[in-house]
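J.: Residue numbers (my numbering): -2 to 375. Beta carbons: idealized from backbone N, C-alpha and C, even for Gly. Before I ask anything, here is the structure I am working with.
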């Protein structure tokens, strides 16, 4: 299983070691749903990211065991494949328009058929989603990884400058690459409701696949206002931890894509449940897939995506060579499409001997301050 919680890993490790492991000794591994409900309800203090990441690890492990005992990949246990492969999108970014174009071309050459667009903003030193450090072998840093060190890196932010700049970026990308390429963008929780509505409206001529996390995820009421003003599709939920976080926004059709991550959402079981619920409202999946989720958690999402009817798209970035050394995988990426493979279980094995060469290092995601010094969403 995967219990990664980027920047708070040791809290989950302690939760599993001190409060969960001893409860599983002697339990029947076939009883996946019963075990999930026991760990969730018996904790009483529930729904938080630490608890849900810990439960996710157990849930994935039980599905892996069941698949291996059955001699089938997990997606077969979830109802079988609903498609041949899973459309993926990559992260193109640049410090300016020419370097952004280079990144888009590189992704197209790698086989991607859908691309997220992030770019630097004039006057702002560092911006989420734009590579700020050298790449390790085999890894793309179009996703901004956590920085190593005892304290998170501080970055600055100016929403007005961002709102002025971004429409011109998408205009340039459309002019260069045409109308057919699906384009995505991540607002990363940094806008107020009216700012998000304004941006969604301004981006309509460029036909985005989605606008992600346009407002802070806690403010679900904000999505009503955004919906009233724009037809740009909306995706949200990478920081959600339970089905209940989605209950209202799915029922009221305030979003178009579910951005949950198996690792932060309690595992395979609740991810399948939320997508079955979303299917009644023609809402599709767009699961969170950064490189700070291990290949185990990522593969778990691929099995769900392959089985459900309402699949949308999967975020995908290559892991580092070191990660691939530790996690032996059957997943494939061919001509823009992912597949988890047909090995029994989840299809990922953890090499403990190889992992011993990479001791834990503390890391934090950055944080933002506005130009006046106010702490802001990163």
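List the endpoints of the continuous alpha helix (DSSP H) containing residue 350.
T.: That run of the alpha helix (DSSP H) goes 349 to 352.
J.: Per the contact definition of three or more C-beta pairs closer than 8 Å, is the stretch 277 to 292 in contact with the stretch 62 to 70?
T.: In short, these stretches do not touch, since the Cβ pair count stays below three.
J.: Could you have a look at residue 278 and say whether DSSP puts it in helix, strand or coil?
T.: Looking at residue 278 - three-state DSSP - the assignment turns out to be coil, as it is neither helix nor strand.
J.: I'd like to know whether the C-beta atoms of residue 256 and residue 280 end up nearer to each other than 8 Å.
T.: No, these two residues do not count as a Cβ contact at 8 Å.
J.: Assuming the contact rule is C-beta atoms closer than 8 Å, residue 144 and residue 363 should be a hit. Round their C-beta distance to whole Å, please.
T.: At roughly 7 Å, the Cβ-Cβ gap stays under 8 Å, so residue 144 and residue 363 are in contact.
J.: Compare the Cα-Cα distances from residue 308 to each of 39, 81, 50, 148 and report the closest residue.
T.: Of the candidates 39, 81, 50, 148, the one whose C-alpha sits nearest the C-alpha of residue 308 is 81.
J.: Quick check on this structure: which residue in 0, 15, 42 has the alpha carbon closest to the alpha carbon of residue 52?
T.: That would be 0, whose Cα lies nearest to the Cα of residue 52.
J.: What number of angstroms, rounded off, separates the C-alpha of residue 204 from the C-alpha of residue 22?
T.: Going by the C-alpha atoms only, they are around 52 Å apart.
J.: When you measure from the CB of residue 120 to every non-hydrogen atom of the ligand MN, does any distance come out below 7 Å?
T.: Among the ligands in the structure shown, none appear at all, so the ligand MN cannot be discussed.
J.: Within 8 Å, do at least three Cβ pairs link the stretch 144 to 162 to the stretch 94 to 101?
T.: No, because fewer than three Cβ pairs between the stretch 94 to 101 and the stretch 144 to 162 fall closer than 8 Å, the two stretches do not touch.
J.: Give me, in chain order, the residues of the same chain whose beta-carbon lies closer than 8 Å to that of residue 366; leave out the 5 immediate sequence neighbours on both sides.
T.: Taken in chain order, the residues that qualify are 151, 152, 153, 154, 372, 373.
J.: Could you pull out every residue in the same chain whose Cβ sits closer than 7 Å to the Cβ of residue 271, ignoring the five residues on either side in sequence?
T.: Only 240, 243, 255, 257 meet the Cβ criterion.
J.: What are the partner residues of residue 154, as DSSP defines its beta bridges?
T.: 367.
J.: On a Cα-Cα basis, can you pick out the residue from 90, 218, 259 that is closest to residue 180?
T.: With distances taken between Cα atoms, residue 180 lies closest to 90.
J.: In its own chain, which residues sit with a C-beta less than 8 Å from the C-beta of residue 74, not counting the 5 before and 5 after it?
T.: Excluding residues within five positions, the ones whose Cβ falls inside 8 Å are 60, 63, 64, 67.
J.: Leaving aside the five residues before and after residue 337 along the sequence, list all residues of the same chain whose C-beta is less than 8 Å from its C-beta, in chain order.
T.: Once the five neighbours on either side are set aside, the close Cβ partners of residue 337 are 70, 71, 72, 296, 299, 300, 303, 327, 328, 343, 344.
J.: Say whether the stretch 190 to 210 touches the stretch 218 to 226, bearing in mind that this needs 3 or more beta-carbon pairs closer than 8 Å, one atom from each stretch.
T.: Counting Cβ pairs under 8 Å, three or more are found: they touch.
J.: Taking all protein chains shown into account, decide if residue 33 is buried (16 or more other Cβ within 10 angstroms of its Cβ) or exposed.
T.: Classification of residue 33: buried, given that the 10 Å Cβ count is 16 or more.
J.: Would you kindly report the start and end of the unbroken beta strand (DSSP E) that includes residue 2?
T.: Residue 2 -> no beta strand (DSSP E), and no H or E assigned at all.
J.: Taking the alpha-carbon of residue 220 as reference, which of 250, 107, 313, 113 has the nearest alpha-carbon?
T.: Ranking the options by Cα distance to residue 220, first place goes to 250.
J.: Classify residue 161 as helix, strand or coil using the three-state DSSP reduction.
T.: The answer is helix: DSSP assigns residue 161 an H, G or I state.
J.: Can you check which of these residues, 161, 105, 58, is closest to residue 332 by C-alpha distance?
T.: Nearest option by C-alpha distance: 105.
J.: By a C-beta neighbour count over all protein chains shown, 10 Å radius and 16 as the cutoff for buried, is residue 369 buried or exposed?
T.: Per the 10 Å Cβ criterion, exposed.
J.: Report the rounded CA-to-CA distance for residue 197 versus residue 122, giving the unit in angstroms.
T.: Approximately 24 Å, taken between the alpha carbons.
J.: Is residue 72 helix, strand or coil when you go by DSSP?
T.: Note: residue 72 maps to helix in three-state DSSP.
J.: Thinking residue 4 and residue 56 are a contact (beta carbons under 8 Å), I'd like their distance in whole angstroms, please.
T.: With 8 Å as the limit, residue 4 and residue 56 do not qualify as a contact, their Cβ atoms being about 22 Å apart.
J.: Measure the alpha-carbon distance for residue 351 versus residue 10 and round it to whole angstroms.
T.: Taking the straight line from one Cα to the other gives about 20 Å.
J.: Quick one: residues in its chain with C-beta nearer than 7 Å to the C-beta of residue 306, no 5 flanking neighbours on either side, listed in chain order?
T.: Within the same chain, residue 306 has close Cβ partners 79, 276.
J.: With a 10 Å radius around its C-beta and 16 neighbouring C-beta atoms as the bar for buried, classify residue 209 as buried or exposed.
T.: Looking at its Cβ environment, which holds 16 or more other Cβ atoms inside 10 Å, residue 209 is buried.
J.: Roughly how far, in whole angstroms, is the beta-carbon of residue 236 from the beta-carbon of residue 214, given that I think they are within contact range, below 8 Å?
T.: So it is a contact: roughly 5 Å between Cβ atoms.
J.: Tell whether a beta-carbon distance below 8 Å holds between residue 421 and residue 147.
T.: Coverage of the chain is limited to positions -2 through 375, which leaves residue 421 absent and any answer about it impossible.
J.: Which of the three DSSP states, helix, strand or coil, is assigned to residue 48?
T.: In the structure shown, residue 48 sits in a helix (DSSP, three-state: H, G or I).
J.: What do you get for residue 207, buried or exposed, if any count of 16 or more other CB atoms within 10 angstroms of its CB means buried?
T.: Classification for residue 207: buried.
J.: In the DSSP output, what is residue 145 paired with across the bridge?
T.: The partner list for residue 145 (beta bridge, DSSP) reads 360.
J.: Which residue from 262, 162, 94, 273 puts its Cα closest to that of residue 46?
T.: Taking only the C-alpha atoms, the option nearest residue 46 is 262.
J.: Using 8 Å as the threshold, is the C-beta distance between residue 93 and residue 54 below it?
T.: Cβ atoms of residue 93 and residue 54: not closer than 8 Å.
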